[in-house]
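Colleague: Before anything else, here's the structure in question.
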Amino acid sequence: MALTNRIVKEARLKDKPYRLADIDGLYLLVQPNGRKLWRWNYRYLTKQKSVAFGVWPDVELDEARHLLAKARKSLAAGNDLSAE
2 MALTNRIVKE ARLKDKPYRL ADIDGLYLLV QPNGRKLWRW NYRYLTKQKS VAFGVWPDVE
62 LDEARHLLAK ARKSLAAGND LSAE
C-alpha cells in the first residue's frame, strides 16, 4: 500500500527504528528520536546498497518519489548511486 502525507505525518515513535513501506522499494525510516528518513535499498554488482533521499519534512513524499524515479533511471543506465 502506498504511503500518504497523512500517514507520514502521523507516524508514531517507537523504541526501535521501523520502516513504513511505499511504492517501488521506497520507505520511510522512523527513528526513536523522531527523525523520519527517506531511504531505498538496491543492488549493484550483486552487493546490497542503500541510498538516502533526505529527511521529512524537508523532502516531502512527492519529492522523494521523484528522486526515486531519477535514481532508478540512473541505476538502469549502469551507474552506482552510492558513488554519485
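Start counting at 1 in the sequence shown, then tack on 1, and there's your number in the working numbering.
Ideal Cβ positions, reconstructed from N, Cα and C, are used throughout, including at glycine.
Note that this is a predicted model, so its numbers are computed, not measured.
#1: Quick one: what does DSSP say G55 is sitting in, helix, strand or coil?
#2: Spell out a yes or no on whether the segment 60-76 and the segment 37-47 are touching, meaning 3 or more CB-CB pairs, one atom from each, closer than 8 Å.
#3: Taking the Cβ atom as the reference point for each residue, do L82 and A70 lie within a distance shorter than 8 Å?
#4: Kindly give me the distance between the Cβ atoms of V31 and A53, rounded to whole angstroms, as I take these residues to be in contact under 8 Å.
#5: Rounded to a whole number of angstroms, what is the C-alpha to C-alpha distance between L29 and V60?
Modeller: Inspection of the coordinates gives the following:
#1: Working through the sequence shown from its first residue, we reach residue 55 at position 54. In the structure shown, G55 sits in a strand (DSSP, three-state: E or B).
#2: yes
#3: Within the sequence shown, residue 82 is the residue found at index 81, counting from 1. Within the sequence shown, residue 70 is the residue found at index 69, counting from 1. Result no, Cβ atoms of L82 and A70 do not sit closer than 8 Å.
#4: Mapped onto the sequence shown, residue 31 falls at position 30. Mapped onto the sequence shown, residue 53 falls at position 52. Going by Cβ atoms, the distance from V31 to A53 rounds to 14 Å, so no, they are not a contact pair.
#5: If you number the sequence shown from 1, residue 29 lands on position 28. If you number the sequence shown from 1, residue 60 lands on position 59. For L29 and V60, the distance between alpha carbons rounds to 11 Å.
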